[in-house]
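Let me begin by presenting the structure, written as C-alpha cells, before commenting on it.
Number of protein chains: 2
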Amino acid sequence: MPTTLKDIARELNISVSTVSYALHGGTRKIPDQLREQVRETAVRMNYRPNRLARSLVTGRTNTIGVVPPVLDDDVFLSPYLRMAWNSIVNEAEKLRQDLLLLTASDRTRAADSIDDLVDSRIDGLLFVAPSVEAKPFERLTELQVPYTLMSAGGNAPGPHFGVDNNQGVRLAVQHLMALGHRRIAHIGGPDSSYDAIMRKSTFDQLVREYDLPLFDGQSQHGPWTRESGEARLVELMKLAHPPTAIFAGNDDLAIGVLGRAFEMGIRVPDKLSVIGFDDAGFLAYGLPGLTTVRQPLPELAALAVRSLVDFIATQSVPADLELPATLVVRESTGPAYLTP
Amino acid sequence: MPTTLKDIARELNISVSTVSYALHGGTRKIPDQLREQVRETAVRMNYRPNRLARSLVTGRTNTIGVVPPVLDDDVFLSPYLRMAWNSIVNEAEKLRQDLLLLTASDRTRAADSIDDLVDSRIDGLLFVAPSVEAKPFERLTELQVPYTLMSAGGNAPGPHFGVDNNQGVRLAVQHLMALGHRRIAHIGGPDSSYDAIMRKSTFDQLVREYDLPLFDGQSQHGPWTRESGEARLVELMKLAHPPTAIFAGNDDLAIGVLGRAFEMGIRVPDKLSVIGFDDAGFLAYGLPGLTTVRQPLPELAALAVRSLVDFIATQSVPADLELPATLVVRESTGPAYLTP
DNA sequence: CTGAAAGCGCTTACAG
DNA sequence: CTGAAAGCGCTTACAG
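This is how it looks when you write it as C-alpha cells:
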C-alpha cells in the first residue's frame, strides 16, 4: 500500500490540507518547523505523490502525447524519425515534460480515429509527419486539445513546423545543373507524405521551368526505403539514355541508389551523381559521402515541442514556421558524364 | 468542457452506473436496446473516457515507463537505443501498452533517485542499459513496482534480458585468430556500461588464455562513439608494432575506426581487420562492410517488454534470459598482414 | 434489475 | 491560522 497524504496526516495528527500545503507550497503559509516535520515524515513513510489524482484535480499532466508517422512496424528505425524523436526527447526533458507514446489506441481506424488520441493523460499532442490522408484535425480544435504538426501539409490545419521543401529542392536541382547535369531523375517518397508530395511537385515544376529533358519514369512516388532506391535505380539504368544524376527524396532512398550503383559497378560520381534530402545523420564510411539537402530536423522538432508547450500554457495558437534547407556537398555529386 | 458519464446519465435520465456498465460491459447485464441508446448518446456527445479517473480507481494504467540509458543529450541517436526503442515500441503496440518516457523526473540526482521514477501513471518500468552505478533497484521491489532490465549487470537485481557477452566476444576473437591475427587490440565502451565491462574483461581474459602478445593501450574503456574509435585508432597506429586487428566494443566505435583508417590510407582488411559488436543496423554502403558480432536486440527488447507485462499481470517475477550472439562476417576482416 | 453511494488520492475554496 | 468538505470522473460493492 503506497503512502497517501491521509496517512501522513494521521501520523502527525494534522489535516490532509496542511500536509498538502506543507509539501507543495501553494497559497497557505505553514510554520517552518511544521513543514520540516511533514517533509521528514513524508520521506520516512516513502510518500510518493499520486500524479493521477493530482492531474485529475488540476487538469494538467505535464505530459505531451506524441503521434509518430504511422505506427506500423519499424518507423522508429527511419533516420528521419530517429533524428526527430531524439530532439523531441531532449526538448521535452528541458521543459520538464514527460512523453507519452500513444500506441494502444485503435490503429485499425487509423487516421479517422483522432478521437482515440484525445487522452486525459496528456496536455497536448505532437504529430510527427502525419499522413496527408489524416484529415480530422478540426476535431481536435473542437475538443480543445492543443497540438502542433511537424512536416505536415497545408491540408492539415494547425501550427506547422517544417522545412521549406520548395527551396530545398531548388538547391538540389540547381546544384546538379551547375555541374552540367540535365538528364535528372527524381526518386520520391510515398504520396501519403506531405514532404514527398512537395518535393516531387517542385521537382516536376523545375524540370519544366528549366526545360530539362523528359523521359520515362523520371519522377515517381514510392516508399521511403533503401530497397525502393535500389529498385528504381535498376529501372532507370535500363533506359536507352539513363539519367546522369538522381535526386532522391530522402537519404535512405539515396543510400539505396548508392549501394546498388556500387554493386552494378556504376561509379559515383564519375558516371552518376546522387543527391539526397534530410542529412539525418546516417552513418557512412568509405567513399563517396552523400551530397544532400539538409533539413534542420533537430531545430524543427524542438520548436514543435516548445511551441506546443507554449500553446498549452497560453492557450493561444503559435505561429507556423518554415525553416530553410541548406546544401551539404560531399562526394556523391560531380560533373556530368556525357556519353561520347 | 468534456462530456462525462454524469452528463450522459442526466441526458438519458438513468444512473451513472448504468451508463458505465453499458459502455464498458462488466458484471451487470444491460438490455440491448438501452445499451445501444447509451452508446449512441456517448458518441453524439463526444464522450471520451477519462483514463486518469479510471486508473485512479482500477490501479491499472496499461502504460509502461521506459528509462533510457542516461538521459543526457542524444542517447536516442545511438544505434543501440534506436534498435531497442523501435522494438520496444512495436512490442508495446502489440500488447496494447502505451509508453511513458520519464524525462521530467529529477535527473540531477540521477541514479539515486529511482524514487522519482515510481509514478502512479505506469504499471511497471523497463530499464534500458542502466548504468552500473545505478544501484537502488531494491527500492523498487520494496515499493512493489514491477520492472525488467535490458543489458544490465548482475549487480542490479531483477529480471535481466541481455546478450551472452562472453560467448560473443569469444566469437570475435576466435574469428580473428582463425584469420591468423595475434596482435589484437580492443577498443571498449565506458566503464559505466555493463556490456562494456563484460566485453573488455572477456577480451582481457582471452588474451591471457590464448597467450596473445601484450602491448600498450591494448584494451581500454572509452565512450561508445565514433570519435572515440577514431582517436583510439590513431594512438594504436603510433605503436612500433601496431595491432593487425581491432575488436571494437560496439559498431559505432568500429565505424569510427574504419572511417579514420580510410582517411589514414590504411587499407581494410588488407592491412587491418576490424570487427564490431551489435549489428544494430548502421547504414553502410561502399566497402568494406563491417564484420560484427550480432546481438539479437529486437528479440531482447521485445522479451523485456513482454516479460514486464507478464510480471505486471501475474505479479510473479519472470526468468532472466541471455541470448547468444552470432558472428556476421562481411568485408572488414581478412587474413593477418604480417610485417615482412 | 437499477439507483445511490462510497471511494481512489489529490487540490483548494470554504468555514470556523 | 487550520480543519472539514467538496469535487475531479470514474468503478463497483451495496441497497432497495
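From first to last, the protein sequence lines stand for chains E and W.
So for the first sequence, the working numbering puts the first residue at 149; every next one is plus one.
So for the second sequence, the working numbering puts the first residue at 149; every next one is plus one.
Built from N, CA and C at the ideal position, the CB exists for glycine as well.
For clarity, every value in this text was computed on a predicted model and none was experimentally measured.
According to DSSP, which residues form a beta bridge with residue i?
i                 : result
Leu288 of chain W : DSSP lists no partner for Leu288 of chain W.
His334 of chain W : W:Ser367, W:Phe395
Arg442 of chain E : E:Asp426, E:Thr474
Gly207 of chain W : In DSSP, Gly207 of chain W forms no bridge with anything.
Leu274 of chain W : W:Val214, W:Thr296
Asp490 of chain W : The shown model of chain W, from 149 to 488, leaves out residue 490 of chain W, and the question about it has no answer.
Ser421 of chain E : E:Ala393
Leu247 of chain W : E:Leu249, W:Ile212
Pro469 of chain W : With the sequence shown as reference, residue 469 of chain W is identified as Leu, and Pro is not the correct amino acid for it. Its beta-bridge partners are W:Phe309.
Less than 9 Å separating the beta-carbons of residue i and residue j?
i                 : j                 : result
Arg243 of chain W : Thr211 of chain W : Checking the displayed sequence, the identity of residue 243 of chain W turns out to be Leu instead of Arg. Contact: no.
Gly316 of chain E : Val441 of chain E : yes
Val215 of chain E : Leu273 of chain E : yes
Val405 of chain W : Ile335 of chain W : yes
Leu362 of chain W : Leu354 of chain W : no
Ser367 of chain W : Phe351 of chain W : yes
Ala428 of chain W : Met298 of chain W : no
Ala452 of chain E : Ile423 of chain E : no
Ala402 of chain E : Leu438 of chain E : yes
Ala449 of chain W : Phe309 of chain W : yes
Val311 of chain W : Ala473 of chain W : yes
Arg331 of chain E : Pro390 of chain E : yes
Asp426 of chain E : Gln443 of chain E : yes
Thr209 of chain W : Arg199 of chain W : yes
Phe410 of chain E : Pro307 of chain E : no
Leu387 of chain W : Asp364 of chain W : yes
Asp222 of chain E : Ala277 of chain E : no
Gly482 of chain W : Leu327 of chain W : yes
Ala240 of chain W : Thr251 of chain E : yes
Ser203 of chain W : Pro150 of chain E : no
Leu171 of chain W : Leu153 of chain W : yes
Leu456 of chain W : Pro294 of chain W : yes
Asp339 of chain E : Thr373 of chain E : no
Is it buried or exposed, residue i, if we count other Cβ atoms within 10 angstroms and call 16 or more buried?
i                 : result
Lys348 of chain E : buried
Pro466 of chain E : buried
Val191 of chain E : exposed
Gln463 of chain W : exposed
Gly173 of chain E : exposed
Asn161 of chain E : exposed
Arg176 of chain E : exposed
Ser235 of chain W : buried
Ala304 of chain W : buried
Gly377 of chain E : buried
Gly302 of chain E : exposed
Tyr358 of chain E : exposed
Gly207 of chain E : exposed
Ser421 of chain W : buried
Ser480 of chain E : buried
Ser163 of chain E : exposed
Gln322 of chain W : exposed
Thr256 of chain W : Residue confidence for Thr256 of chain W is low, a pLDDT of 45 falling below 50, so the modelled location carries little weight; the figure read from the coordinates is stated next. Looking at its Cβ environment, which holds fewer than 16 other Cβ atoms inside 10 Å, Thr256 of chain W is exposed.
Asp271 of chain E : buried
Thr296 of chain W : buried
Val167 of chain W : buried
Gly397 of chain W : buried
Arg356 of chain W : exposed
Inset, instruction - Scan the region 338-390 of chain E and note each continuous alpha helix (DSSP H) run of 4 residues or more that stays entirely inside, going in chain order. - result: 342-357, 374-385, all fully within the region 338-390 of chain E.
Legend entry - Residues of the region 236-249 of chain W with Cβ closer than 7 Å to any Cβ of chain E, in chain order: Cβ contacts with chain E come from Val237, Asn238, Ala240, Glu241, Arg244, Gln245, Asp246, Leu247, Leu248, Leu249.
Inset, instruction - Can you check the region 296-337 of chain E for any alpha helix (DSSP H) of at least 4 residues that lies completely inside it and give the ranges in chain order? - result: DSSP runs (the alpha helix (DSSP H)) wholly in the region 296-337 of chain E: 313-326.
Inset, instruction - Name, going along the chain, the residues of the region 378-395 of chain W whose beta-carbon falls closer than 8 Å to a beta-carbon of chain E. - result: Within the region 378-395 of chain W, no residue has a Cβ lying closer than 8 Å to any Cβ of chain E.
Legend entry - Where the region 455-481 of chain E meets chain W: residues whose CB sits under 8 Å from a CB there: Among the residues of the region 455-481 of chain E, none has a Cβ less than 8 Å away from any Cβ of chain W.
Inset, instruction - Residues of the region 174-195 of chain E with a CB closer than 8 Å to any CB of chain W: list them in chain order, please. - result: Taken in chain order, the members of the region 174-195 of chain E whose beta-carbon sits within less than 8 Å of a beta-carbon on chain W are Asn194.
Inset, instruction - Determine which residues of the region 205-233 of chain W have a Cβ less than 7 Å from any Cβ of chain E, and write them out in chain order. - result: Taking 7 Å as the Cβ-Cβ cut-off against chain E, the residues of the region 205-233 of chain W that qualify are Asn210, Leu219, Asp221, Asp222, Phe224, Leu225, Arg230, Trp233.
Inset, instruction - List in chain order: all unbroken alpha helix (DSSP H) runs of 4+ residues lying wholly within the region 177-207 of chain W. - result: Considered as a whole, the region 177-207 of chain W harbours 180-192, 199-206 as its complete alpha helix (DSSP H) runs of no fewer than 4 residues, in chain order.
Legend entry - Members of the region 257-286 of chain E that neighbour chain W once the beta carbon cut-off is set at 9 Å: Along the region 257-286 of chain E, going in chain order, the ones with a CB nearer than 9 Å to a CB of chain W are Asp263, Asp264, Val266, Asp267, Ser268, Arg269.
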